[in-house]
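*Asks:* Residue numbers (this note's numbering), protein chains in the order written: chain D, 1 to 218; chain L, 1001 to 1218.
Mind looking over this structure? Questions follow.
Protein chains: 2
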Amino acid sequence: MTSQHQLLDTLAQVARALGNGHRLALLERLAQGGAAVETLASTAGLTVGNASQHLQQLRRAGLVTANRSGKQMIYHLTDERIVTLTGLLRQVAETNLAEMERLVSRLFADDDAEGALEAVSRDELLVGLESGKVALLDVRPEEEFEAGHLPEAINIPLAQLEDMLDKLPQDREIVAYCRGPYCALSHEAVQRLRQLGYRVRRFEEGYPEWKAAGLPVT
Amino acid sequence: MTSQHQLLDTLAQVARALGNGHRLALLERLAQGGAAVETLASTAGLTVGNASQHLQQLRRAGLVTANRSGKQMIYHLTDERIVTLTGLLRQVAETNLAEMERLVSRLFADDDAEGALEAVSRDELLVGLESGKVALLDVRPEEEFEAGHLPEAINIPLAQLEDMLDKLPQDREIVAYCRGPYCALSHEAVQRLRQLGYRVRRFEEGYPEWKAAGLPVT
DNA sequence: CCATCATTCTATCATTTTATTGAATGATGG
DNA sequence: CCATCATTCAATAAAATGATAGAATGATGG
């Protein structure tokens, strides 16, 4: 077996590490910031044992690192570019797989028909923030918000949405974001806030993409 | 199973399609331009039947398309971004896997010790071409050269290198390139030309990366 | 229409991957 | 040092993947 062959095989191992839905879910959570195995397991809907095994695979592929902190092992992405990598994977898949399009439209299908719910692009969001016409709402759990968020964002975890409406400004359009393009939290938040009469749309990406693009975070 | 879960699974299928060394080899060849199954099989060192099966998988993942031309099926990449995707995969792997570094350095280990063989970066190459101080040498097979190459490049397939030395300019440094960062052709060419006293280095990327970066091709 | 060629499909077996279970390890606080 | 907690390891069974050989398909040239 030639060196070149071995190189491609090693690359393939890394790609295989990305080739499982649970592991992609783990990576999505890790893109929000470091987390312990139990946290990761519950976000991904896995048993702790199983999550641990998947994390070992990601570690062997060089995608995550683990550091002990007291009793817990805290996992981190090794490389910011992994967010870009999965984002590009997503783009290629959305463009070239009909199946993908079908699933994406289903995920966002229960929008009302007004069309105003179309997601806000990164550029549009930047303009809105610059002009002060947009308020940012982060609907992720507090722990993830604390680990990093977009500048000026207000954190209202989805579970407490109706209890904390007083934190929302009335005079500006609200843009809600969460973990990424496929994260349902911001979508759900938009649905519920619109029912209550708020002017609100989703950001089409999430915190990790914003950060990976080199934009400022807090 | 939620829609979101299905989306990640579908993404994972695409990643799994990249998760095999033979398929990465097929994609590398396809990044040079369309090709028939037998061509692809022989470049990747596979039987035709086996290559066909791998190509079906790539097709199901939306990474390649097939069009019949007479008796032959001609395969193409569906999307230029696939080159960027595998390139990013490579970068992440090289940065985070010790194994990878070891293999890369072995692939390029038999350089003589002068150090002058360090690869030429894209930016450096652009400057050299601009100033007219560099001549480009494409050492891929003629068929791939014909399907597309860097501007002003001279084509001398590696097999005919010694027979066509008269096509090489004497007054400029030569930069050789081939299929990509792991393609051995340009490396081999540099070794042999240096033995003959030529001033020559490798381009660290290849034709597909150049094209995917939006730079001009012929 | 028949023979030929390129490719794909089918069936099979060996290998690898995944989830599950329960035991083992390693750090902490009393 | 012991009990506890978080995590990993080990063993297993079920499912998916990969290679091979041979049959089937589809287009071509006579």
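Don't be surprised by glycine CBs; every beta carbon is placed ideally from N, CA and C.
Using only alpha-carbon positions, find the residue among D:Ile82, D:Thr78, D:Val120 and D:Leu136 that is nearest to D:Pro181.
*Replies:* In the first sequence, the residue the question calls residue 181 of chain D occupies position 181. Comparing Cα-Cα distances from D:Pro181 to each of D:Ile82, D:Thr78, D:Val120 and D:Leu136, the minimum goes to D:Val120.
*Asks:* Say whether the region 1182-1190 of chain L touches the region 1045-1059 of chain L, bearing in mind that this needs 3 or more beta-carbon pairs closer than 8 Å, one atom from each stretch.
*Replies:* Judged by Cβ distances under 8 Å, the region 1182-1190 of chain L makes no contact with the region 1045-1059 of chain L, as fewer than three pairs qualify.
*Asks:* Just by C-beta distance, which residues in the region 38-51 of chain D are closer than 9 Å to chain L?
*Replies:* Cβ contacts with chain L come from Gly45.
*Asks:* Ignore the nearest five residues each way along the sequence and tell me which others in D:Gly206's own chain have a CB closer than 7 Å to its CB.
*Replies:* Stepping through the first sequence from its first residue, residue 206 of chain D is reached at position 206. Here the set comprises Tyr177, Cys178, Arg179, Gly180, Pro181 and Cys183.
*Asks:* Report buried or exposed for L:His951, applying the criterion of at least 16 other Cβ atoms within 10 angstroms of its Cβ.
*Replies:* Here chain L has residues from 1001 to 1218 only, and residue 951 of chain L is not among them.
*Asks:* Nearest to D:Leu27 by CA position, among D:Thr78, D:Ala12 and D:Asn50, is which residue?
*Replies:* As a working mapping, residue 27 of chain D is identified with position 27 in the first sequence. It is D:Thr78.
*Asks:* Mind listing which residues of the region 64-97 of chain D have their C-beta closer than 8 Å to chain L's C-betas, in chain order?
*Replies:* Result list: Thr78, Asp79, Arg81, Ile82, Thr84, Leu85, Thr86, Leu88, Leu89, Arg90, Gln91, Val92, Ala93, Thr95, Asn96 and Leu97.
*Asks:* Distance cutoff 8 Å, beta carbons only. Does L:His1054 sit that close to anything in chain D?
*Replies:* Mapped onto the second sequence, residue 1054 of chain L falls at position 54. Taking Cβ atoms only, chain D never reaches closer than 8 Å to L:His1054, which makes this a no.
*Asks:* Which residues mark the beginning and the end of the alpha helix (DSSP H) in which L:Ala1109 is found?
*Replies:* Taking the second sequence and counting its residues from 1, the one referred to as residue 1109 of chain L is at position 109. Looking at the DSSP string, L:Ala1109 is not in any alpha helix (DSSP H), and its letter there is neither H nor E.
*Asks:* Going by Cα to Cα distance, which pick from L:Thr1218, L:Arg1090, L:Pro1216 and L:His1005 is closest to D:Leu284?
*Replies:* Since the first residue of chain D shown is 1 and the last is 218, residue 284 of chain D is not available in this structure.
*Asks:* With distances taken from CA atoms, which of D:Phe145, D:Asp166 and D:Pro151 is nearest D:Phe157?
*Replies:* Stepping through the first sequence from its first residue, residue 157 of chain D is reached at position 157. Here residue 157 of chain D turns out to be Pro, not Phe, going by the sequence shown. Checking every option, the nearest Cα to that of D:Pro157 belongs to D:Phe145.
*Asks:* According to DSSP, is D:Arg199 helix, strand or coil?
*Replies:* Taking the first residue of the first sequence as 1, we reach residue 199 of chain D at position 199. In the structure shown, D:Arg199 sits in coil (DSSP, three-state: anything other than H, G, I, E or B).
*Asks:* Could you give the first and the last residue of the continuous alpha helix (DSSP H) run that contains D:Glu28?
*Replies:* Mapped onto the first sequence, residue 28 of chain D falls at position 28. Residues Gly21 to Leu30.
*Asks:* Is the separation between the beta-carbon of D:Ala109 and that of D:Met100 shorter than 8 Å?
*Replies:* Here residue 109 of chain D refers to the residue found at position 109 of the first sequence. Here residue 100 of chain D refers to the residue found at position 100 of the first sequence. Going by C-beta atoms, D:Ala109 is not nearer than 8 Å to D:Met100.
*Asks:* Once you ignore the five residues that flank D:Ala135 on each side, which residues in its own chain have a CB closer than 6 Å to its CB?
*Replies:* Counting from one through the first sequence, the residue named residue 135 of chain D turns up at place 135. Cβ neighbours of D:Ala135 beyond the five flanking positions: Pro169, Arg172 and Ile174.
*Asks:* Quick one, which residues of the region 1016-1041 of chain L are near chain D if we go by CB-CB under 9 Å, in chain order?
*Replies:* From the region 1016-1041 of chain L, only Arg1016, Ala1017, Leu1018, Gly1019, Asn1020, Gly1021, His1022, Arg1023, Leu1024, Ala1025 and Glu1028 have a Cβ closer than 9 Å to chain D.
*Asks:* Assign L:Gly1214 to one of two classes, buried (16 or more other C-beta atoms within 10 Å of its C-beta) or exposed (fewer than that).
*Replies:* Taking the second sequence and counting its residues from 1, one reaches residue 1214 of chain L at position 214. Classification for L:Gly1214: exposed.
*Asks:* Using a Cβ cut-off of 8 Å (strictly closer), state whether D:Ser3 contacts chain L.
*Replies:* By one-based count along the first sequence, residue 3 of chain D stands at place 3. It does: the Cβ of D:Ser3 has a partner Cβ on chain L nearer than 8 Å.
*Asks:* What would DSSP say about L:Ile1082, mapped onto helix, strand or coil?
*Replies:* Position 82 of the second sequence, counted from the start, is the residue given in the question as residue 1082 of chain L. Note: L:Ile1082 maps to helix in three-state DSSP.
*Asks:* Under the rule that 16 or more other beta-carbon atoms within 10 Å means buried, what is D:Leu97, buried or exposed?
*Replies:* Walking along the first sequence from the start, residue 97 of chain D turns up at place 97. D:Leu97 should be labelled buried.
*Asks:* By DSSP, does D:Thr39 sit in helix, in strand, or in coil?
*Replies:* The residue given as residue 39 of chain D occupies position 39 in the first sequence. Correct three-state label for D:Thr39: helix.
*Asks:* Starting from D:Gln72, trace the beta strand (DSSP E) both ways and give me its first and last residue.
*Replies:* Counting from 1 along the first sequence, the entry for residue 72 of chain D is found at position 72. Here the beta strand (DSSP E) through D:Gln72 covers Gln72 to Leu77.
*Asks:* Would L:Met1164 pass as an interface residue toward chain D - the criterion being a Cβ-Cβ separation below 8 Å?
*Replies:* Your numbering for residue 1164 of chain L matches position 164 in the second sequence. False, the Cβ-Cβ gap to chain D never drops below 8 Å.
*Asks:* Starting from the beta carbon of D:Arg106, find every residue of chain L whose beta carbon is closer than 7 Å, and list them in chain order.
*Replies:* Indexing the first sequence from 1 puts residue 106 of chain D at position 106. Simply Ser1003.
*Asks:* Can you name the residues of chain L whose CB is closer than 8 Å to the CB of D:Asp9?
*Replies:* Your numbering for residue 9 of chain D matches position 9 in the first sequence. Near D:Asp9 (Cβ distances below 8 Å), the residues of chain L are Gly1021.
*Asks:* Under a CB-based cut-off of 8 Å, is D:Leu58 close to chain L?
*Replies:* Here residue 58 of chain D refers to the residue found at position 58 of the first sequence. So, not an interface residue.
*Asks:* Which one of D:Pro208, D:Thr10 and D:Gly34 has the shortest CA to CA distance from L:Gln1091?
*Replies:* For this step, residue 1091 of chain L is matched to residue 91 along the second sequence. Checking every option, the nearest Cα to that of L:Gln1091 belongs to D:Thr10.
*Asks:* For a contact defined as C-beta to C-beta under 7 Å, what are the partners of L:Leu1103 on chain D?
*Replies:* By one-based count along the second sequence, residue 1103 of chain L stands at place 103. Residues of chain D passing the Cβ test: Ser3, Gln6, Leu7 and Thr10.
*Asks:* Kindly indicate which three-state DSSP category L:Ala1153 falls into: helix, strand or coil?
*Replies:* Here residue 1153 of chain L is taken as the residue at index 153 of the second sequence, counted from 1. In this structure, L:Ala1153 counts as coil in the three-state DSSP scheme.
*Asks:* Looking only at its chain, what residues have a beta carbon closer than 7 Å to the beta carbon of D:His22, apart from the 5 residues adjacent to it on each side?
*Replies:* Here residue 22 of chain D corresponds to residue number 22 of the first sequence, with the count starting at 1. The answer, listed in chain order, is Ala44, Leu46 and His54.
*Asks:* Have a look at L:Asn1020 and D:Thr84 and give me their C-alpha separation to the nearest angstrom.
*Replies:* Locating residue 1020 of chain L in the second sequence gives position 20, counting from the first residue. Locating residue 84 of chain D in the first sequence gives position 84, counting from the first residue. Distance between the alpha carbons of L:Asn1020 and D:Thr84: 21 Å.
*Asks:* What is the DSSP secondary structure of D:Leu215, reduced to helix, strand or coil?
*Replies:* The count along the first sequence starts at 1 and reaches residue 215 of chain D at position 215. Correct three-state label for D:Leu215: coil.
*Asks:* With a Cβ-Cβ cutoff of 8 Å, do D:Tyr75 and D:Leu30 count as a contact?
*Replies:* Here residue 75 of chain D refers to the residue found at position 75 of the first sequence. Here residue 30 of chain D refers to the residue found at position 30 of the first sequence. In this structure, D:Leu30 lies closer than 8 Å to D:Tyr75 by Cβ.
*Asks:* Please confirm whether D:Tyr177 has its beta-carbon closer than 8 Å to some beta-carbon of chain L.
*Replies:* Here residue 177 of chain D refers to the residue found at position 177 when the first sequence is read from its first residue. So no, D:Tyr177 is outside the interface.
*Asks:* Please list the terminal residues of the continuous alpha helix (DSSP H) segment that includes L:Val1014.
*Replies:* As a working note, residue 1014 of chain L is residue 14 in the second sequence. Ser1003 to Ala1017 is the span of the alpha helix (DSSP H), which, as asked, contains L:Val1014.
*Asks:* Am I right that D:Ala51 and D:Ala41 are in contact with their C-beta atoms under 8 Å? What's the rounded C-beta distance?
*Replies:* Taking the first residue of the first sequence as 1, we reach residue 51 of chain D at position 51. Taking the first residue of the first sequence as 1, we reach residue 41 of chain D at position 41. Sure, about 4 Å apart at Cβ, within 8 Å.
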